[in-house]
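Colleague:
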Amino acid sequence: MKSIQGIGMTSRRTRERMIDRLIDQGITNHEVLDVIRNVPRHLFMDDALASRAYEDTALPIGHGQTISQPYIVAKMTELLIDQRHLKNVLEIGTGCGYQTAVLAQLIGHVNTVERISPLLKKAKERLWELNIRNVSYQHSDGGWGWEAKAPFDGILVAAAPPEIPEKLLAQMAIGGVMLIPIGKERGMQELQRVTRTASGYEIEPLERVSFVPFLSGKG
Ligand code: SAH
16 MKSIQGIGMT SRRTRERMID RLIDQGITNH EVLDVIRNVP RHLFMDDALA SRAYEDTALP
76 IGHGQTISQP YIVAKMTELL IDQRHLKNVL EIGTGCGYQT AVLAQLIGHV NTVERISPLL
136 KKAKERLWEL NIRNVSYQHS DGGWGWEAKA PFDGILVAAA PPEIPEKLLA QMAIGGVMLI
196 PIGKERGMQE LQRVTRTASG YEIEPLERVS FVPFLSGKG
């Protein structure tokens with residue numbers, strides 16, 4: 016494993032600045048902030064980009080995909096857990112595994128699905144090296160959810176479909192929450208929070224976001 020100590024870009028101060036920015040942007044959950052402070056984001060990207068790892072920006076991870084901006088990872092995680100202890104969560108769009116690593120420290124078990132096999136494989140190796148073990152991985156189209164692992168008390172979708180996939184709704188537990196960006200145009204998508212109640216689903220629009228598209232089939 017690459018060293019996570021001792022190089023400038025991983026210095027306490029650099030990471031602390033990122034945390035200060037997240038607080039300025041309205042992130043308040045201290046557990047979430049602590050986890051983000053401690054997950055070495057630079058290990059989730061190519062060496063050539065690692066010096067930019069603690070900037071609040073999305074960066075390329077290959078295969079036309081990006082690692083999500085720290086703000087959006089923090090925001091979605093905070094909204095997903097919402098002061099509860101979640102036991103079983105589905106994440107769609109593993110990508111490099113950064114969001115997975117954050118979720119895994121706060122949640123009982125994370126089930127993560129990615130359609131691009133080499134990304135999934137690399138994410139799995141990284142999380143193993145970081146000693147994160149409470150994660151199950153699947154190479155699949157997340158539009159199917161993950162039936163065998165359902166129901167989920169939380170679902171986090173990291174790519175934007177034009178509408179909410181039916182299967183994901185069906186795999187939510189009652190009381191469960193899903194965070195999902197909806198819409199075609201990058202930067203014009205809407206983050207939505209779906210809550211399953213005993214009688215149906217409540218959908219709340221939250222904020223404008225920018226995600227890669229949710230694509231069908233395996234990549
Ligand atoms: N969670 C990542 C961000 C990943 S970017 C992070 O922490 O930075 C979004 C990912 O969603 C990409 O890797 C893309 O391949 C994947 N994706 C897009 N559509 C998908 C689908 N239908 N099923 C599974 N993964 C999908």
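If you're matching positions, the sequence shown starts at 16 in the numbering used here and goes up one per residue. Backbone N, C-alpha and C fix where the C-beta goes; we use that ideal spot for every residue, glycine too.
1. Identify every run of the beta strand (DSSP E) within the segment 183 to 224, keeping only runs that are complete inside it and at least 3 residues long; order them along the chain.
2. Applying the 10 Å Cβ sphere with the 16-neighbour rule, what's the burial state of Ser18?
3. Can we say the segment 160 to 169 touches the segment 81 to 90, given the rule of at least three CB pairs closer than 8 Å?
4. If you reduce the DSSP assignment to three classes, tell me which class Gln153 lands in.
5. Apart from the five residues on each side of it in sequence, which residues of its chain come closer than 8 Å, Cβ to Cβ, to Leu6?
6. For ligand 1, I want to know if Phe167 counts as a neighbour, meaning its beta carbon is within less than 7 Å of at least one of the ligand's heavy atoms.
7. Does the beta carbon of Val241 fall short of 7 Å from some heavy atom of ligand 1?
8. What is the rounded straight-line gap between the Cα of Ile131 and the Cα of Thr109?
9. Over the uninterrupted alpha helix (DSSP H) stretch that includes Ile38, give me the two end residues.
10. If I measure Cβ to Cβ from Gly191 and keep anything under 8 Å in the same chain, skipping five residues before and after, which residues do I get?
11. What does Pro228 pair with, by DSSP beta-bridge criteria?
12. What separation, rounded to the nearest whole angstrom, lies between the Cα atoms of Asp156 and Gln40?
13. Where Asn149 and Gly215 are concerned, what is the direct C-alpha to C-alpha distance, given to the nearest angstrom?
14. Taking the DSSP output, what are the residues bridged to Glu106?
15. Judging by CA-CA distance, which residue of Ile42, Asp49, Lys136 and Ala188 is the nearest neighbour of Gly27?
16. Under 8 Å Cβ to Cβ from Arg32, same chain only, skipping five residues before and after it: list those, please.
17. Considering only residues of the same chain and omitting the five flanking positions on each side of Glu46, which have a CB-CB separation below 7 Å?
Modeller: Considering the structure as presented:
1. 187 to 197, 204 to 211 and 216 to 224
2. Reliability fails at Ser18, whose pLDDT of 45 lies under 50, so the model's placement of it is uncertain and no value is given.
3. no
4. strand
5. Outside the shown range of the chain (16 to 234) lies residue 6, about which nothing can therefore be said.
6. no
7. Absent from the model: residue 241. The displayed extent of the chain is 16 to 234, so no value can be given.
8. 9 Å
9. Arg27 to Asp39
10. Pro166, Phe167, Asp168, Gly169, Ile170, Thr210 and Arg211
11. Ala175
12. 33 Å
13. 30 Å
14. Thr127 and Leu171
15. Looking at the sequence shown, residue 27 is not Gly but Arg. Of the candidates Ile42, Asp49, Lys136 and Ala188, the one whose C-alpha sits nearest the C-alpha of Arg27 is Asp49.
16. Tyr69
17. Leu121
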